[in-house]
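K.L.:
Residues 1 to 449 (UniProt numbering) make up the sequence shown, in order.
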Amino acid sequence: MLQKIIYNLDIALEAIRLNKMRSFLTSLGIIFGVASVIAMLAIGRGAQEEVLSQMKLLGTNNVIIEPVIRQVEEDVSNQSRIAQEQNKYSPGLTLEDMYSIKEQIPQVAYVSPEIIYETSFIRSGRMRTGKLVGVNQLYFRINNFILDQGSTFTELQIEDAEPVCVIGSEVKTKFFAGQNPLGKKIKAGNVWLTVVGVLEERELSSESIQNLGIRNYNLDIFVPATTALLRYKNRALVTGQEIQQAAAQRSNNNQNSESSQGQAPNYHQIDKMIVQVSDTRYSVPIADIISRMLQRRHNSVVDFEVIVPELLLQQERRTQEIFNIVLLCIASISLIVGGIGIMNIMLASVVERYREIGVRRAVGAYKQDIQLQFLTEALAISITGGVIGTLLGIAFSYVIELTAGIVTIVSLTSIIISFGVAMGIGVIFGYFPAQRAAEQDPVHALRHE
1 MLQKIIYNLD IALEAIRLNK MRSFLTSLGI IFGVASVIAM LAIGRGAQEE VLSQMKLLGT
61 NNVIIEPVIR QVEEDVSNQS RIAQEQNKYS PGLTLEDMYS IKEQIPQVAY VSPEIIYETS
121 FIRSGRMRTG KLVGVNQLYF RINNFILDQG STFTELQIED AEPVCVIGSE VKTKFFAGQN
181 PLGKKIKAGN VWLTVVGVLE ERELSSESIQ NLGIRNYNLD IFVPATTALL RYKNRALVTG
241 QEIQQAAAQR SNNNQNSESS QGQAPNYHQI DKMIVQVSDT RYSVPIADII SRMLQRRHNS
301 VVDFEVIVPE LLLQQERRTQ EIFNIVLLCI ASISLIVGGI GIMNIMLASV VERYREIGVR
361 RAVGAYKQDI QLQFLTEALA ISITGGVIGT LLGIAFSYVI ELTAGIVTIV SLTSIIISFG
421 VAMGIGVIFG YFPAQRAAEQ DPVHALRHE
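#1: Answer yes or no: do Ala15 and Glu377 have a C-beta to C-beta separation smaller than 8 Å?
#2: Which residue spans inside the region 402-445 form an unbroken beta strand (DSSP E) run of at least 3?
#3: Straight-line CA distance for Ser100 to Val108?
#4: What separation, rounded to the nearest whole angstrom, lies between the Cα atoms of Thr384 and Val359?
#5: Looking at Val196: is its Cβ nearer than 8 Å to the Cβ of Leu132?
#6: For Gln137, I'd like the list of residues in its chain whose CB is within less than 6 Å of its CB, leaving aside the five on either flank, ordered along the chain.
#7: Between which two residues does the beta strand (DSSP E) containing Lys187 stretch?
#8: When you compare only the Cα positions, how much space is there between Lys168 and Asn324?
#9: Cutting at 7 Å between CB atoms, please list the residues of its own chain near Gln157, excluding the five before and the five after it.
#10: Considering only C-alpha positions, which residue in the set Asn216, His268, Asn62 and Lys184 is nearest to Val302?
#11: Please classify Pro91: does DSSP put it in a helix, a strand, or coil?
#12: Measure the C-alpha to C-alpha separation of Thr403 and Ser414 and round it to an integer number of angstroms.
#13: Is the Cβ-Cβ distance between Ser397 and Ile115 less than 8 Å?
#14: Using a Cβ-Cβ cut-off of 7 Å (strictly less than) and excluding sequence neighbours within five positions of Ser411, which residues of its own chain qualify?
#15: For the alpha helix (DSSP H) that Phe140 lies in, which residues bound it at each end?
#16: Please state if the CB of Gln276 and the CB of Asn62 are separated by a distance shorter than 8 Å.
#17: Give me the Cβ distance between Val34 and Ser332, rounded to the nearest whole Å; I'm assuming they're in contact under 8 Å.
#18: Please report the straight-line C-alpha distance between Arg355 and Ser27, rounded to a whole angstrom.
#19: Quick check on the DSSP output: the alpha helix (DSSP H) that includes residue 496 runs from which residue to which?
#20: The beta strand (DSSP E) that contains Ser120, what's its start and end?
#21: For Asp271, which residues from the same chain have a beta carbon less than 7 Å from its beta carbon, with the 5 sequence-adjacent residues on both sides left out?
#22: Within 10 Å of its beta-carbon, does Asp220 have 16 or more other beta-carbons around it, so buried, or fewer, so exposed?
#23: Would Gln440 and Ile388 be called neighbours here (beta carbons separated by less than 8 Å)?
#24: Starting from Arg361, trace the beta strand (DSSP E) both ways and give me its first and last residue.
#25: Hey, how far is the Cα of Ala365 from the Cα of Gln371?
#26: List the whole-angstrom C-beta distance separating Gln373 from Ile11, where the pair is believed to meet the contact cut-off of C-beta under 8 Å.
#27: So does the region 288-305 actually touch the region 137-148, counting three or more Cβ pairs closer than 8 Å?
#28: Between Gly386 and Met423, what straight-line distance do the alpha-carbon atoms span, to the nearest angstrom?
#29: With distance defined between alpha-carbon atoms, name the residue in Ser382, Ala438 and Gln320 nearest to Ala362.
#30: Please check the pair Ile342 and Gly426, which I expect to be a contact at CB under 8 Å, by giving their CB distance rounded to whole angstroms.
#31: Does DSSP put Ser257 in a helix, a strand or coil?
#32: Measuring only between beta-carbons, confirm whether Ile65 sits less than 8 Å from chain C.
#33: Taking DSSP's pairing of strands, which residues face Gly150 in a bridge?
#34: Whose C-beta lies closer than 7 Å to the C-beta of Glu170 among residues of the same chain, with five residues either side of it excluded?
#35: Compare the C-alpha of residue 483 against each of Leu229, Asp97, Pro106 and Ile186 and name the closest.
#36: Give me, in chain order, the residues of the same chain whose beta-carbon lies closer than 7 Å to that of Phe432; leave out the 5 immediate sequence neighbours on both sides.
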C-alpha cells in the first residue's frame with residue numbers, strides 16, 4: 001500500500017513538473033486563501049491579546065470615578081426647580097469621598113486616589129515636563145504595577161507627607177542613566193524628592209493610550225497623596241464662595257451663548273478615584289451605589305463620572321469578535337474559490353489525459369489507482385499552495401503590523417489550521433475530478449485523440 005502511495009505521488013509530482021504554469025495558477029487560489037486566513041487569524045489573535053492587556057491595565061474588577069469639571073445638573077422639567085438647582089454647588093471629588101466609599105461599602109477591597117499635577121522634573125541639568133501623581137500605597141497593587149527596584153511608600157512616609165517618590169522606567173532612563181536611583185533626589189516643581197522605588201516598564205500600545213485614555217505611566221513620578229496636597233496645590237482649600245461664584249459664572253455663560261462656554265476651574269481635590277471590588281460580579285451594582293452616594297454627598301450635583309472598565313472591554317470584545325468572524329468568512333471564501341479552481345483545472349486535466357488513463361488501465365491499474373493518482377495530484381497542489389500561502393500570510397501579518405500599527409500575532413495553531421484546511425480543500429474539490437477519471441472506460445480512453 002505504501003509503495004502504491006509513493007508511486008502515485010511520484011506520478012502526481014511528475015504531472016505538476018510537466019505543467020508548472022498550470023499548476024501554479026491552479027494553486028493561486030489556495031495560496032491567497034491560506035495567506036488570508038493566517039493574516040486574519042493573526043489580526044484576531046493580536047486584537048484578543050490587546051483586549052487582555054487592556055483588561056490588565058484597567059482591571060476587570062475596578063470602578064473608576066473621574067471628575068467632570070463643568071458641573072452637570074440633573075434633568076428636571078420644572079423651570080423654578082432649575083433655578084434652585086443652579087444655586088447648588090459641590091465640593092468636588094475629595095479624599096473624604098474616598099474614605100466614605102471604603103467604609104460604607106463592604107465589597108470594596110481597595111481604593112486609591114490620583115492627584116495629578118503637570119510640572120517640570122529637573123536633575124543634573126536635565127529637564128522635562130511630566131505628571132506628578134499623588135497616590136496611596138494601594139495604588140500600585142490596584143493597577144498591577146511591578147517594582148523593578150526599591151519599595152513603595154510606608155505608612156509613616158504617608159502620614160508625615162515626606163518628600164519621597166516612586167519613578168517610572170522612562171524617568172529613570174532620562175535622569176538616572178547608568179545609575180542606581182534609589183536614595184537620590186530629583187526636583188519636581190519646587191520640591192526635591194527622594195527616590196525610594198522604580199517601576200518596571202509597562203508596555204502600552206498607541207491604541208490603548210488613544211482608545212482607553214490611558215496615559216504613559218512610564219513617564220510619571222508618584223508621590224504620597226498627602227505629600228501632593230501638602231507640598232503642592234490642594235484644590236479643596238478653595239472656599240465655598242469661590243465655588244458659588246464659578247457656578248454662577250458658568251450659568252451666565254450658558255444663558256448668554258453656547259459658544260461662550262469657557263473651561264471652568266478645577267475645584268476637585270482629586271483627579272481620579274480607583275475602586276477595586278472584591279469580585280467582578282459586584283462591579284456594576286457597586287458602581288451604581290457609588291454614583292448615588294456621591295450625588296448625595298455633592299448636593300445632587302453630578303460633577304463626576306463613574307466608569308466600569310469591564311463593560312467597556314466587554315463591548316470592545318464583542319465588536320472585535322464580530323470583526324474577526326467577518327474577516328474569517330472573507331478568507332474562507334478565498335479558500336473555497338481556490339478549491340473551485342482546483343476542481344476546474346483537474347476536470348480539464350482529466351479530459352486532456354484520457355489516453356494516459358486508458359494506458360494505465362490497460363496495463364492493470366484499477367479504478368482506485370486512477371482515483372488515488374488524481375487525488376494525490378490535487379493534494380500535492382494544495383500542499384504546495386499551503387506552504388507558499390503560509391509564508392505569504394506570515395509576511396502579510398508583519399507588513400500589516402508595521403504599516404497599519406495593528407498588533408498581529410501569528411500562532412502555530414493558526415498555521416496548522418490553515419494548512420489543514422488547505423489539504424481538506426484539495427481532497428474535497430479533487431474528489432469529483434478523480435472519480436470522473438476513475439470511471440472512464442479504458443477502451444474509449446485509448447481511442448481518444
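Where a beta carbon is used, it is the ideal one built from N, C-alpha and C, also for glycine.
Since the model is a prediction, treat every value here as computed from it, not as a measurement.
P.N.:
In short:
#1: Here residue 15 refers to the residue found at position 15 when the sequence shown is read from its first residue. Here residue 377 refers to the residue found at position 377 when the sequence shown is read from its first residue. Yes. Within cutoff.
#2: none
#3: In the sequence shown, residue 100 corresponds to position 100, counting from 1. In the sequence shown, residue 108 corresponds to position 108, counting from 1. Those two C-alpha atoms are separated by around 11 Å.
#4: Within the sequence shown, residue 384 is the residue found at index 384, counting from 1. Within the sequence shown, residue 359 is the residue found at index 359, counting from 1. Each residue's alpha carbon lies about 28 Å from the other.
#5: For the purposes of this step, residue 196 is taken as residue 196 along the sequence shown, with counting starting at 1. For the purposes of this step, residue 132 is taken as residue 132 along the sequence shown, with counting starting at 1. Contact flag unset, no.
#6: Numbered from its first residue, the sequence shown carries residue 137 at position 137. Closer than 6 Å at Cβ, skipping near neighbours: Thr152 and Phe153.
#7: Along the sequence shown, read from residue 1 onward, the residue named residue 187 stands at position 187. From DSSP, the beta strand (DSSP E) with Lys187 extends over Lys185 to Ala188.
#8: As a position in the sequence shown, residue 168 is number 168, starting the count at 1. As a position in the sequence shown, residue 324 is number 324, starting the count at 1. Looking at the sequence provided, one finds Gly at residue 168 rather than Lys. Taking the straight line joining both Cα atoms gives about 36 Å.
#9: Along the sequence shown, read from residue 1 onward, the residue named residue 157 stands at position 157. Hits under 7 Å: Val164 and Pro224.
#10: Taking the first residue of the sequence shown as 1, we reach residue 302 at position 302. The candidate whose alpha carbon is nearest that of Val302 is His268.
#11: If you number the sequence shown from 1, residue 91 lands on position 91. Coil, per DSSP.
#12: Counting from one through the sequence shown, the residue named residue 403 turns up at place 403. Counting from one through the sequence shown, the residue named residue 414 turns up at place 414. The straight-line gap from Cα to Cα measures roughly 22 Å.
#13: For the purposes of this step, residue 397 is identified with residue 397 of the sequence shown, where counting begins at 1. For the purposes of this step, residue 115 is identified with residue 115 of the sequence shown, where counting begins at 1. No, the pair does not count as a contact, with Cβ atoms beyond the cut-off.
#14: Along the sequence shown, read from residue 1 onward, the residue named residue 411 stands at position 411. Only Arg45 meet the Cβ criterion.
#15: For this step, residue 140 is matched to residue 140 along the sequence shown. Run containing Phe140: Tyr139 to Ile142, per the alpha helix (DSSP H) assignment.
#16: Locating residue 62 in the sequence shown gives position 62, where the first residue counts as 1. Locating residue 276 in the sequence shown gives position 276, where the first residue counts as 1. A contact, by the Cβ cut-off of 8 Å.
#17: On the sequence shown, residue 34 is found 34 positions in, with the first residue counted as 1. On the sequence shown, residue 332 is found 332 positions in, with the first residue counted as 1. Contact doesn't hold; Cβ gap of about 11 Å is too wide.
#18: Along the sequence shown, read from residue 1 onward, the residue named residue 355 stands at position 355. Along the sequence shown, read from residue 1 onward, the residue named residue 27 stands at position 27. Cα to Cα, the separation comes out at about 25 Å.
#19: With the chain covering 1 to 449 only, the question about residue 496 has no answer from this structure.
#20: Here residue 120 corresponds to residue number 120 of the sequence shown, with the count starting at 1. Val108 to Arg123 is the span of the beta strand (DSSP E), which, as asked, contains Ser120.
#21: Within the sequence shown, numbered from 1, the residue matching residue 271 stands at position 271. Only Pro67, Glu114, Ile115 and Ile116 meet the Cβ criterion.
#22: Within the sequence shown, residue 220 is the residue found at index 220, counting from 1. Its Cβ being crowded by 16 or more others within 10 Å, Asp220 is buried.
#23: On the sequence shown, position 440 is the one that residue 440 refers to. On the sequence shown, position 388 is the one that residue 388 refers to. Contact: no.
#24: By one-based count along the sequence shown, residue 361 stands at place 361. Segment Tyr354 to Ala362 is the alpha helix (DSSP H) holding Arg361; no beta strand (DSSP E) there.
#25: On the sequence shown, residue 365 is found 365 positions in, with the first residue counted as 1. On the sequence shown, residue 371 is found 371 positions in, with the first residue counted as 1. Their backbone Cα atoms lie some 10 Å apart in a straight line.
#26: Here residue 373 refers to the residue found at position 373 of the sequence shown. Here residue 11 refers to the residue found at position 11 of the sequence shown. About 6 Å separates the two Cβ atoms, so the contact holds.
#27: no
#28: Mapped onto the sequence shown, residue 386 falls at position 386. Mapped onto the sequence shown, residue 423 falls at position 423. For Gly386 and Met423, the distance between alpha carbons rounds to 8 Å.
#29: Stepping through the sequence shown from its first residue, residue 362 is reached at position 362. If we check each option's Cα against that of Ala362, Ala438 comes out closest.
#30: Locating residue 342 in the sequence shown gives position 342, counting from the first residue. Locating residue 426 in the sequence shown gives position 426, counting from the first residue. Right, the Cβ-Cβ distance comes to about 6 Å (below 8 Å), so this counts as a contact.
#31: Translated into positions along the sequence shown, residue 257 becomes position 257. Per-residue confidence for Ser257 stands at a pLDDT of 45, beneath the threshold of 50, marking its modelled position as unreliable; the derived number appears in the next sentence. It is coil, neither helix nor strand.
#32: This model lacks chain C altogether, as it is built from one protein chain only.
#33: As a working mapping, residue 150 is identified with position 150 in the sequence shown. Gly197.
#34: Within the sequence shown, the letter at position 170 stands for residue 170. Same-chain partners within the cutoff: Asn218 and Leu219.
#35: Limits of the chain in this structure are 1 at one end and 449 at the other, which puts residue 483 out of reach.
#36: Sequence index remark: in the sequence shown, residue 432 carries index 432 (1-based). Contacts found: Met343.
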